[in-house]
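Residue numbers (our numbering), protein chains in the order written: chain A, 1 to 432; chain B, 1 to 142.
Think of the CB as a built atom: it goes at the ideal place given N, C-alpha and C, for glycine as much as any other residue.
Source: prediction; values computed, not measured.
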Amino acid sequence: MIWNQSVECMDREAMEALQLHRLQDMVDRLYYNVPFYRKKLQEVGFMPGDVRHLSDLSKLPFTTKQDLRDNYPFGLFAVPMSEVVRVHASSGTTGKPTVVGYSRKDLDNWAEVTARCLYMANTDRQSVVQISYGYGLFTGGLGLHGGAERIGASVIPMSGGNTEKQLMLMEDFGVTLIGCTPSYILHLAEAREKAGLDRANFKLKYGVFGAEPWSERMRKEIEDQWQIKAYDIYGLSEVMGPGVANDCDAGCGLHVHEDHFYPEIINPDSGEVLAEGEKGELVFTTFTKEAFPLLRYRTRDISALHREPCACGRTLVRMEKITGRSDDMLIIRGVNVFPSQVESVLLEFGETAPHYQLIVERERNLDILTIEVEMAPEWFSDTITGLAGVERKIHSRLDSVLGISAVVKLMEPGSTPRFEGKSKRVIDKREI
Amino acid sequence: MLKQISMFLENKAGRLARVCRVMAEEGINIRALSIADTADFGLVRLIVDNPELAEQKLSARGFMVSITEVVGVKVPDRPGGLGVALDVLDSAEVSVEYIYAFIGKSDDRAMVILRLDNNDKGVEALRKANLELLTPEEVYTI
Numbered sequence: 001m002i003w004n005q006s007v008e009c010m011d012r013e014a015m016e017a018l019q020l021h022r023l024q025d026m027v028d029r030l031y032y033n034v035p036f037y038r039k040k041l042q043e044v045g046f047m048p049g050d051v052r053h054l055s056d057l058s059k060l061p062f063t064t065k066q067d068l069r070d071n072y073p074f075g076l077f078a079v080p081m082s083e084v085v086r087v088h089a090s091s092g093t094t095g096k097p098t099v100v101g102y103s104r105k106d107l108d109n110w111a112e113v114t115a116r117c118l119y120m121a122n123t124d125r126q127s128v129v130q131i132s133y134g135y136g137l138f139t140g141g142l143g144l145h146g147g148a149e150r151i152g153a154s155v156i157p158m159s160g161g162n163t164e165k166q167l168m169l170m171e172d173f174g175v176t177l178i179g180c181t182p183s184y185i186l187h188l189a190e191a192r193e194k195a196g197l198d199r200a201n202f203k204l205k206y207g208v209f210g211a212e213p214w215s216e217r218m219r220k221e222i223e224d225q226w227q228i229k230a231y232d233i234y235g236l237s238e239v240m241g242p243g244v245a246n247d248c249d250a251g252c253g254l255h256v257h258e259d260h261f262y263p264e265i266i267n268p269d270s271g272e273v274l275a276e277g278e279k280g281e282l283v284f285t286t287f288t289k290e291a292f293p294l295l296r297y298r299t300r301d302i303s304a305l306h307r308e309p310c311a312c313g314r315t316l317v318r319m320e321k322i323t324g325r326s327d328d329m330l331i332i333r334g335v336n337v338f339p340s341q342v343e344s345v346l347l348e349f350g351e352t353a354p355h356y357q358l359i360v361e362r363e364r365n366l367d368i369l370t371i372e373v374e375m376a377p378e379w380f381s382d383t384i385t386g387l388a389g390v391e392r393k394i395h396s397r398l399d400s401v402l403g404i405s406a407v408v409k410l411m412e413p414g415s416t417p418r419f420e421g422k423s424k425r426v427i428d429k430r431e432i
Numbered sequence: 001m002l003k004q005i006s007m008f009l010e011n012k013a014g015r016l017a018r019v020c021r022v023m024a025e026e027g028i029n030i031r032a033l034s035i036a037d038t039a040d041f042g043l044v045r046l047i048v049d050n051p052e053l054a055e056q057k058l059s060a061r062g063f064m065v066s067i068t069e070v071v072g073v074k075v076p077d078r079p080g081g082l083g084v085a086l087d088v089l090d091s092a093e094v095s096v097e098y099i100y101a102f103i104g105k106s107d108d109r110a111m112v113i114l115r116l117d118n119n120d121k122g123v124e125a126l127r128k129a130n131l132e133l134l135t136p137e138e139v140y141t142i
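Have a look at this one:
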């Protein structure tokens, strides 16, 4: 099912003309409305009007997560706050979140692209859609919500957690489509089995899953466990939230809504744009976003692009399922976690950061983060209560900085591995 | 006051054996030992004949070690014997953080090691109640 045939099936020439027009408009807005971008464009000698071809984009500077941090909270907004109707935020590496803003038009476009994604996943007016992504500062819940409402489905804004109630509503309300993280839907399957609920009493037919990396193996497992069709929805708060891309029934990649979000694949080391089909770091330029436009934003996600038309009839460029990251970021239960955040917390407890290691495991389909910290002399206490107190303090501080709960384990000095040069702090044991 | 070796150990097979091996190699004699543990880690407390040497050697092998001052007291080896000493401390409003027994006996009395929230005050109260305290010399040469 195609929500917006005229755009999703537009021929390449017309799409590129539309993109060029939008890019020119976007560069103008950045130059005149955002001092940060004006300075960046001036540094490479770019003036509004210099964009003549779509390929000129490759001459423009990148934007990084660090730029977002440096301009916290509203420094990169391109409209006055009176035009901003909503703000979302994601967890940050230094305790400060990454902040994104939306104008009324942005929310309208967001609902449009998310509607395209959900429609691709067979959502219609008859669908009963349970949204089990978190509602709040996180873009997942409200983002998907807007698209489902746009289609006219019956929306249940369940939000995350409370597994028993999730299952109860799914069964009682006859939910036909669910949106959540791929690990959570597997957790729900397990909880359903444990509670002795009969799959036959559920009307679930489809699911859209995202906000964390998952494999084709996991897709098969989800489809087997629930006897549903599982779709991959891609997005990130900085670019918009969920709805940037989604896979169709043809199963050969995720269609990117390139009339709004322009993807490029670059070599993460050199910054050079790679050819179609080559694997590299995914970079997005937002064409239409008013409040928080982004120029060549480096996602750190690894993918590749394909432009030949898809069997489903769409001509939209396709991105391969994300296969990894070009930095050390972890996604745990849908939350972005950087080892550097852990280090900054540990530094609060002593003069120097102790040796530590992050271990991520998946138990019963839920991610568990364990942080092994070597005992530092200044923490040493001769009583169990004293040591347990140290663990508790580190745990609660990590909890508030990371936004997820981690298991803290005190270790003997010398028990975590040492590295020369770049250290490998993370052991990811999840098989995804 | 006695010097006790306190050590942090992961709750893992073979850890305590390694500690004992170090002590054996250095010719250090263990007089008393106690272990407190959780699922993840343990605290080993040792009274040895040469605490300074033990601390130095264990630290050198990478163990997390510190020296803690504790009180040793001799109590009558009969029912209620330990209770007498604890009552004395209680009356003096001194709390026991942990307690463990000494290996062996001195004449007809049992010996216990106490870590108190206020060691000095505890020692004074025990002395006033005519309970005999263990001296370092006594412990190291038993």
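- An exposed status is given to Val-44 (chain A), since fewer than 16 other beta-carbon atoms sit within 10 Å of its beta-carbon.
- Scanning the region 248 to 334 of chain A for uninterrupted beta strand (DSSP E) segments of 3 residues or longer gives 254 to 256, 261 to 266, 280 to 286, 297 to 303, 330 to 332, listed from N- to C-terminal end.
- Secondary structure of Thr-416 (chain A) (DSSP, three-state): coil.
- Annotation: the continuous beta strand (DSSP E) that includes Thr-68 (chain B) extends over 64 to 76.
- When secondary structure is reduced to three states using DSSP, Phe-209 (chain A) falls in the strand class.
- DSSP lists no beta-bridge partner residue for Pro-61 (chain A).
- Listed in chain order, the non-local C-beta contacts of Pro-48 (chain A) below 7 angstroms within the same chain comprise Val-27, Asp-28, Tyr-31, local neighbours out to five positions each way being set aside.
- Across the region 394 to 420 of chain A, CB contacts with chain B closer than 8 angstroms involve Lys-409, Leu-410, Met-411, Glu-412, Pro-413, Gly-414, Ser-415, in sequence order along the chain.
- Of the residues assessed, Gln-357 (chain A) falls on the buried side of the cut-off, its CB having 16 or more other CB atoms within 10 angstroms.
- The three-state reading of DSSP puts Leu-43 (chain B) in strand, counting E and B together.
- Counting the other CB atoms within 10 Å of its CB gives Arg-116 (chain A) a total of 16 or more, which places it among the buried residues.
- Identification of residues in the region 361 to 385 of chain A having a C-beta nearer than 8 angstroms to some C-beta of chain B yields Met-375, Pro-377, Phe-380, Asp-382, Thr-383, Ile-384, given in sequence order.
- With a cutoff of 9 angstroms on beta-carbon distance, Ile-99 (chain B) and Pro-51 (chain B) are scored as not near each other.
- Residues of chain B with a Cβ closer than 9 angstroms to the Cβ of Leu-387 (chain A) are, in chain order, Phe-8, Thr-38, Phe-41, Leu-43.
- Distance from the Cα of Leu-346 (chain A) is smallest, within the candidate group A:Leu-369, A:Ile-322, A:Ile-394, for A:Ile-394.
- Around the beta carbon of Cys-20 (chain B), a 10 Å sphere encloses fewer than 16 other beta carbons of the protein chains shown; the residue is thus reported as exposed.
- Note that the C-beta distance between Ile-103 (chain B) and Leu-2 (chain B) is not below 9 angstroms.
- The beta carbon of Pro-413 (chain A) sits closer than 7 angstroms to those of Glu-374, Met-375, all from its chain and outside the five residues before and after it, given in chain order.
- Judged by their CB atoms, Leu-387 (chain A) and Phe-41 (chain B) are nearer to each other than the 9 angstroms cut-off.
- Leu-186 (chain A) is positioned such that its CB atom lies closer than 9 angstroms to that of Glu-221 (chain A).
- Val-342 (chain A): member of the alpha helix (DSSP H) spanning 339 to 347, first to last residue.
- By the rule that beta-carbons nearer than 9 angstroms mark a contact, Thr-68 (chain B) touches chain A.
- Rounded to the nearest whole angstrom, the CA to CA distance from Gly-152 (chain A) to Ser-344 (chain A) is 46 angstroms.
- With fewer than 16 other Cβ atoms inside 10 Å of its own Cβ, Met-168 (chain A) counts as exposed.
- Val-44 (chain B) places its beta carbon less than 9 angstroms from that of Leu-33 (chain B).
- For Arg-104 (chain A), the closest C-alpha among the options A:Thr-286, A:Leu-57, A:Tyr-206, A:Ser-82 is that of A:Ser-82.
- Note on Asp-382 (chain A): 16 or more other CB atoms within 10 angstroms of its CB, so buried under the neighbour-count rule.
- Under DSSP, His-145 (chain A) shares a beta bridge with no residue.
- Collapsing the DSSP output to three states places Phe-173 (chain A) in coil.
- Contact with chain A is absent for Arg-31 (chain B), since none of that chain's Cβ atoms lies less than 9 angstroms from the residue's Cβ.
- If the five residues before and after Asp-249 (chain A) are omitted, its C-beta is found closer than 7 angstroms to the C-beta atoms of Cys-312, all from its own chain and listed in chain order.
- Among the residues of chain A, those whose CB is under 9 angstroms from the CB of Tyr-98 (chain B) are Asp-382, Thr-383, Ile-384, following chain order.
- In this chain, the beta strand (DSSP E) harbouring Lys-3 (chain B) covers 2 to 10.
- The continuous alpha helix (DSSP H) containing Ser-59 (chain B) extends over residues 51 to 60.
- Within chain A, the residues placing a beta-carbon under 9 angstroms from that of Arg-115 (chain B) are Asp-382, Thr-383, ordered along the chain.
- The region 121 to 137 of chain A makes contact with the region 153 to 161 of chain A; the number of CB pairs closer than 8 angstroms reaches 3 or more.
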